[in-house]
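Protein sequence lines correspond, in order, to chains A and B.
So the first sequence is residues 1 to 589, counted in the UniProt record's numbering.
So the second sequence is residues 1 to 589, counted in the UniProt record's numbering.
Where a beta carbon is used, it is the ideal one built from N, C-alpha and C, also for glycine.
Keep in mind the model is a prediction, meaning the values are calculated, not measured.
There are 2 protein chains.
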Amino acid sequence: MSKFRSMDAFMQLNLHQTHHEIADFEGIFKYLTATFQQGNHEGLHVFPELFLTGYPLQDLPLKKTFIDDYQAFLEDLSVWSERQLKSKGPLALLFGGLRYEFDTLGWPSYIENVMYILEPGKKLRSLYTKQLLPNYDIYEEKKYFTAGHQSEVFEFCGKKFGLLICEDIWFSHLHDMDPVEQLKSHEQKCDAVIAINASPYHLGKVETRINRALEISQFLEAPFIYVNRVGAEDEILFDGHSFVVDGNSVVKMGAGFKSQVVNLDLPVYQSPEKQNVRPYHSSTNSWSTIFSTRLSSDTLTLQPMGEAGCREVLDALLLGIRDYSEKNGLKKFSIALSGGMDSALVVTILKLLQKTYPIEIEAIFLPGFFSSSISYDLSYDLCRNLGIKLTTMPIKFIHSTIRSAYKDNFGNELKGIADENIQSRLRGALIYMRSNDMNSAVLNTSNKSELSVGYSTIYGDSVGALSVLGDLFKLEVFELAHYINKHHGNLIPADIISRPPSAELREDQEDSQSLPPYDRLDPILEALLSSRFTPQDLIKRGHKQDEVLKVYQLLSKSEYKRKQFCPIIKVKPKSFGFGHRVPISKKML
Amino acid sequence: MSKFRSMDAFMQLNLHQTHHEIADFEGIFKYLTATFQQGNHEGLHVFPELFLTGYPLQDLPLKKTFIDDYQAFLEDLSVWSERQLKSKGPLALLFGGLRYEFDTLGWPSYIENVMYILEPGKKLRSLYTKQLLPNYDIYEEKKYFTAGHQSEVFEFCGKKFGLLICEDIWFSHLHDMDPVEQLKSHEQKCDAVIAINASPYHLGKVETRINRALEISQFLEAPFIYVNRVGAEDEILFDGHSFVVDGNSVVKMGAGFKSQVVNLDLPVYQSPEKQNVRPYHSSTNSWSTIFSTRLSSDTLTLQPMGEAGCREVLDALLLGIRDYSEKNGLKKFSIALSGGMDSALVVTILKLLQKTYPIEIEAIFLPGFFSSSISYDLSYDLCRNLGIKLTTMPIKFIHSTIRSAYKDNFGNELKGIADENIQSRLRGALIYMRSNDMNSAVLNTSNKSELSVGYSTIYGDSVGALSVLGDLFKLEVFELAHYINKHHGNLIPADIISRPPSAELREDQEDSQSLPPYDRLDPILEALLSSRFTPQDLIKRGHKQDEVLKVYQLLSKSEYKRKQFCPIIKVKPKSFGFGHRVPISKKML
């Protein structure tokens with residue numbers, strides 16, 4: 001320690017906003033040994049929650065294969081740090097990981113979500129166990145982990161750091177203790193607070209985190225260091241945005257949606273001016289914030305995402321597709337274009353992804369008897385704008401063949417919903433046929449409005465490996481399309497955005513024949529999906545009774561379609577997918 | 001009370017092993033008011049856990065619509081019992097339900113899983129709160145409910161009843177207290193113990209429950225009354241089998257897989273003979289029992305289900321299909337027959353269901369270029385045996401049309417996996433076309449072996465509203481077919497059972513070209529899915545290295561197919577579906 005420069009002058013903080021694939025123990029070991037090989041690092045290096053394993057792990061920590069590999073990895077880390085980790089000055093690595101306790105038979109008796117420390121010449125050791133385990137919506141940490149019961153202040157180079165892990169900062173009625181309050185009453189006053197996180201992204205979350213961090217910084221009178229994971233895991237995104245706040249100011253803000261090492265000197269706490277003092281607990285989790293909506297207070301309109309929101313969501317979707325592709329070896333994409341808004345937006349987003357990530361994209365137009373010529377023209381214009389090849393494979397003749405075969409074998413004409421849906425399923429089968437032949441992936445193009453009311457054909461337009469727009473209502477799909485046209489050149493033909501939405505499965509079909517207009521449908525859906533409104537509440541607030549009841553029924557009855565749907569990139573607080581759990585069989589609710 | 005006959009002589013117990021649809025408040029209210037309308041009931045009536053709401057409810061208890069309706073229902077019950085419930089003798093109704101506490105804004109501050117009591121002239125009141133909340137595998141009660149912390153002994157007609165709710169009897173390392181031990185040390189000695197349950201079925205569970213009940217009865221020196229829910233909720237089945245044990249004997253055993261009111265007089269505790277005394281805790285939950293396997297100890301063979309097991313599983317599947325159909329309004333079924341084992345077994349099970357439940361069944365054979373004539377002959381023989389009409393709709397010409405269209409539009413021949421899978425997807429689309437036209441439902445015919453290794457075509461043979469065989473390995477499918485042939489007439493042609501399994505998607509295809517033989521595949525899968533074995537463990541025990549590693553890889557890489565699969569009727573301790581949570585994107589584990 002004596003070699004180190006005066007601690008009061010500065011201490012270097014390094015926030016490793018990193019990403020590795022789940023259970024990529026080898027990759028993480030290589031990253032650490034490569035990063036610290038030169039011995040020219042010093043200071044405090046902080047990595048995200050569960051850096052050593054990835055998150056969310058779901059059942060993996062219960063599997064013997066995972067446990068054996070992970071325990072060997074911990075041992076490797078310990079040996080490396082004890083024997084090989086060198087530094088010219090004081091050095092400590094703080095990162096999240098799992099800590100197992102085993103029973104006499106060798107089976108886990110419990111698993112903790114902890115903060116580990118590595119220091120040169122020392123073995124790996126656990127410093128702190130996460131106390132608040134989130135267990136709502138997409139979270140289910142109580143299923144796997146055992147909570148800690150003790151706050152921890154860690155000393156490094158004469159500075160005292162209060163330690164917290166993710167949910168620990170979000171005290172609410174869901175928990176029975178407050179780890180931040182524990183630090184306040186800890187015998188050692190903190191010079192800074194370190195929170196390591198694997199905090200999933202949703203629109204607006206960055207602001208929520210910073211507001212809470214400012215509160216805590218003021219409450220504990222210490223700078224607050226927030227390190228977040230980055231990267232996408234199937235449907236769940238981690239957005240990075242690591243930061244440091246102090247008193248009433250944001251000292252440092254990390255990048256969103258990409259890996260980065262953020263370096264800074266540890267700030268010294270500055271009290272805010274009186275008018276800027278925040279009460280503690282002004283923005284914590286509670287029943288109402290967890291189920292917050294993006295509705296104007298009368299629930300009759302959906303708030304637009306805005307320019308900043310669109311930019312953020314676009315970045316999120318790009319990361320979501322990219323990481324899913326990379327982890328699952330997807331290098332080519334085959335997209336079925338309909339001439340409509342949703343598929344146009346998906347292929348445009350893929351094109352934007354292609355600017356920074358090498359993928360091949362092909363567009364396929366599968367016109368049927370009811371596809372209008374304008375659908376082809378618009379798909380053609382779109383592909384020309386994007387510089388993507390468009391192949392047309394008409395389904396009319398195949399459809400005719402099926403109609404004849406049906407009549408021949410079952411004795412009656414194919415008509416109505418059966419004749420409509422076979423077109424959609426034929427397209428689903430054909431786009432997957434192409435994807436099998438090209439070894440490409442199919443992205444789903446459904447939006448959240450359709451998914452909510454079941455306005456899609458199962459195994460038809462609902463196919464795909466990953467849903468890009470499944471967490472965006474139709475109004476938001478339009479908003480994002482406008483945003484992209486404004487900021488990335490007019491890629492999407494204006495007529496695609498302005499034409500009335502239609503599935504084109506029968507003569508002159510339009511969405512509005514089956515559903516309320518989207519500017520009325522979407523707010524009803526947002527309200528009902530939040531769980532905070534009953535149909536009666538919405539009718540009282542001025543929504544049309546027949547529309548509300550119809551939407552409510554469609555939502556309730558279409559659960560079976562969502563159960564077989566692909567992962568949806570999550571960009572909202574409440575999404576379909578892992579955090580949405582509703583029985584198929586039930587009295588309508 | 002004075003009117004009632006001597007309590008020592010007897011007390012009538014009525015175990016209502018009932019089923020109502022989830023959130024069917026109106027139906028439950030009608031059932032109660034109708035059952036007790038005459039006023040000629042007396043004694044103690046015990047209903048299952050969460051009788052008032054159904055189970056599992058998943059997110060429903062968090063929805064304002066559910067909360068409002070449920071609170072109104074509780075109020076109705078209270079008013080009814082206070083004003084209208086009459087009885088000629090002492091009467092008490094014990095049942096499970098939810099109890100909400102609300103904050104000042106009217107939002108729930110917590111929810112408890114409780115036992116309520118209704119008595120003539122009195123309001124509804126809560127007696128006991130469930131203390132152990134299961135939160136592993138398919139269970140996630142800690143996500144929704146708050147645990148109680150106090151045991152309860154309830155007195156009725158001079159008898160003292162210890163109260164327990166489901167998981168309360170299954171103390172293990174997963175919990176930090178033992179409600180049974182609490183009753184042992186309670187100041188009031190119990191004359192009997194009542195446990196109300198919503199205990200999901202799996203093969204072998206009845207025996208496990210009885211063993212545990214006998215232990216507890218001896219430990220507390222009191223008869224043990226076990227009331228279970230019956231009925232199917234999507235994938236999860238409740239099997240009934242309510243019972244009363246006393247000392248070392250089973251006093252009463254309720255029916256399996258159907259509603260029933262079991263009546264008996266409360267037994268007086270009989271100590272078992274010394275040689276029959278069981279140690280307390282001989283059969284509780286633990287890591288190893290939760291992840292138990294049906295393997296012989298060397299892991300090289302899968303234990304057969306046996307005659308009793310087959311009968312039980314068949315009953316379970318019949319109930320699973322029936323309740324799903326009833327709740328979702330399915331009255332007709334369209335089944336695609338391939339001439340193979342799985343589809344033959346599914347249609348045969350439907351036929352058995354038809355004996356007690358009115359449904360229409362139609363079978364469809366969709367032969368392609370590679371369907372052998374024997375596949376038709378066997379499908380024909382099967383349908384003749386079952387008395388079901390078989391319609392053939394060849395896909396050859398449609399397939400040819402698609403091949404031509406593909407070549408015309410994409411410029412190359414359709415071949416390999418693309419040409420194989422299009423046949424499967426075409427069949428998927430066509431059977432759904434038929435189902436749309438007939439307003440019928442399609443049942444999935446995949447087995448657990450296929451599902452495990454991803455040996456199926458997504459949107460092809462993997463389609464369906466409900467999976468009947470998805471929790472049975474291929475060996476078990478054969479075993480169940482033999483059982484049905486033995487006990488229900490030789491419905492399934494012997495050649496269907498004996499022919500080598502094939503998808504018939506290319507010339508001379510057989511499953512064994514892609515997979516190890518099922519008698520080697522299935523034990524490897526059972527071991528890996530239990531989470532208790534690593535591939536290395538299996539190789540050490542004599543499994544072939546190349547087979548184990550291949551199966552392991554297929555299992556790991558096919559998660560994306562299972563994510564889009566329909567609900568599977570659960571008949572095993574560890575099943576795909578709600579209790580199986582594995583990320584798609586991960587380093588192979």
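| Check | Outcome |
| --- | --- |
| Distance, E559 (chain B) Cα to residue 591 (chain B) Cα | Residue 591 (chain B) lies beyond the residue range present for chain B, which begins at 1 and ends at 589; the question has no answer from this structure. |
| G428 (chain A): contacting residues in chain B (beta-carbon distance under 8 Å) | R425, A429 and Y459 |
| Beta-carbon proximity check, A418 (chain A) vs D68 (chain B), cutoff 9 Å | no |
| Whole-angstrom distance between N248 (chain A) and D265 (chain A), CA atom to CA atom | 18 Å |
| Chain B residues whose Cβ lies nearer than 7 Å to that of R532 (chain A) | K64 |
| Coarse secondary structure for H45 (chain B), derived from DSSP in three states | strand |
| I364 (chain B) in three-state terms, based on DSSP | strand |
| When A:S531, A:L528, A:Q17 and A:D519 are compared against S242 (chain A), the one with the closest alpha-carbon | A:Q17 |
| Cβ-Cβ separation, E42 (chain B) to I196 (chain B) (assumed contact under 8 Å), whole Å | Contact doesn't hold; Cβ gap of about 20 Å is too wide. |
| Listed by chain order, chain D residues near P367 (chain A) by CB distance under 8 Å | Note that chain D does not occur in the displayed structure, where the protein chains are A and B. |
| Proximity below 9 Å, CB of K563 (chain A) to CB of I584 (chain A) | yes |
| Closest Cα partner of F224 (chain B) within the set B:K160, B:S371 and B:S87 | B:K160 |
| Where N490 (chain B) falls: helix, strand or coil (DSSP) | coil |
| One or two residues paired with I196 (chain A) in a DSSP bridge | A:I165 and A:V227 |
| L127 (chain B), DSSP secondary structure in three states | strand |
| Short CB-CB distance (under 9 Å) between F29 (chain A) and chain B | no |
| Best match in A:I388, A:G340 and A:Y324 for proximity to N373 (chain A) [C-alpha to C-alpha] | Position check: residue 373 (chain A) holds Ser in this sequence, whereas Asn was assumed. Checking every option, the nearest Cα to that of S373 (chain A) belongs to A:G340. |
| Proximal residues to residue 595 (chain B) (C-beta, below 7 Å), its chain only, five neighbours per side dropped | Residue 595 (chain B) is absent from the structure shown; chain B starts at 1 and stops at 589. |
| Stretch pair the segment 535 to 551 of chain B + the segment 426 to 444 of chain B: three plus CB contacts closer than 8 Å | no |
| C-alpha gap between F51 (chain B) and L98 (chain B), whole angstroms | 9 Å |
| Helix, strand or coil at H16 (chain B) according to DSSP, with G and I counted as helix | strand |
| Segment contact, 8 Å Cβ cut-off, at least three pairs: the segment 20 to 30 of chain A with the segment 487 to 495 of chain B | no |
| Under the three-state DSSP convention, the category A527 (chain A) falls into | helix |
| Distance between H202 (chain A) and E75 (chain A) (C-alpha atoms, nearest Å) | 36 Å |
| Contact under 9 Å by Cβ, F36 (chain B) with P90 (chain B) | no |
| Limits of the unbroken alpha helix (DSSP H) element including P535 (chain B) | P535 to K540 |
| P179 (chain A) - containing alpha helix (DSSP H), residue span | P179 to K184 |
| H488 (chain B) versus I349 (chain B) - alpha carbon distance | 10 Å |
| Environment of F397 (chain A) [buried if 16+ CB atoms lie within 10 Å] | exposed |
| Straight-line gap, Q12 (chain A) to Q260 (chain A) (C-alpha atoms, nearest Å) | 16 Å |
| G464 (chain A) versus L318 (chain A) - alpha carbon distance | 17 Å |
| Under 7 Å from the C-beta of M177 (chain A): neighbouring residues of chain B | Per Cβ cutoff of 7 Å: no residues; M177 (chain A) is ~15 Å from chain B at best. |
| Neighbour flag for H149 (chain B) against chain A, beta carbons, 9 Å | no |
| Buried or exposed by the 16-neighbour rule on C-beta atoms within 10 Å, applied to G102 (chain A) | The amino acid occupying residue 102 (chain A) in the given sequence is Phe; Gly does not appear at that position. Classification of F102 (chain A): exposed, given that the 10 Å Cβ count is below 16. |
| R99 (chain B) - DSSP class collapsed to helix/strand/coil | strand |
| Entirely enclosed beta strand (DSSP E) segments - the segment 226 to 264 of chain B, minimum 3 residues | 230 to 233, 236 to 239, 243 to 246 and 249 to 253 |
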